[in-house]
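Colleague: Take the sequence shown: its letters are residues 1 to 115, numbered as in UniProt numbering.
One structure follows; several queries about it will come next.
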Amino acid sequence: MSYSTLAVVAVLAVLVVDLAVYRTRMVTRPVFWVAYAIIITFQLLMNGVLTGLDVVTYDPETIWGPRIAYAPVEDLLFGFAMVTLTLASWAAVNRRANTASRRGRGTRTRRSSTR
């Protein structure tokens, strides 16, 4: 499987996890897109530095060709998948912990003595 194909598969898989498995619907929230805009700014900056200085190189036969800030667009797809999966997983775990806490399973209670 090529780098480009893996990037597309990663994005599609993460969207399925976010929308259907975790049901966090992270990608439907405006706050996600604001946070992602901040993240992608720094991703482009670092990708630009690393690929512009030839620290990281790509075989032209394995990428689509278009680049943004020296980095192939596939890097943006992988970055999106990584960030989205991390945030959706965090939200899902947090939701589970909050649900358990509301049901009294996740909190430790101290027994009070009546001496």
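Ideal Cβ placement from N, Cα and C applies to all residues, glycine included.
Quick caveat, the model's predicted, so the values are computed rather than measured.
If we require 4 or more residues per run, which alpha helix (DSSP H) segments fall completely within the region 14-60?
Modeller: 30-52
Colleague: Leaving aside the five residues before and after Thr-84 along the sequence, list all residues of the same chain whose C-beta is less than 7 angstroms from its C-beta, in chain order.
Modeller: Val-14, Asp-18, Met-26 and Val-27
Colleague: Just to confirm, is the Cβ distance from Ile-63 to Leu-44 under 8 angstroms?
Modeller: no
Colleague: Can you tell me whether Gly-79 is buried or exposed, with buried defined as 16 or more other CB within 10 angstroms of its CB?
Modeller: buried
Colleague: Is there contact here, the region 88-107 with the region 33-53, by at least three beta-carbon pairs under 8 angstroms?
Modeller: no
Colleague: Quick one: measure Cβ to Cβ for Gly-7 and Glu-74, integer angstroms, because I've assumed they're closer than 8 angstroms.
Modeller: In the sequence as presented, Gly is not what sits at residue 7; that position holds Ala. The pair is a contact, with the Cβ atoms about 4 angstroms apart (cut-off 8 angstroms).
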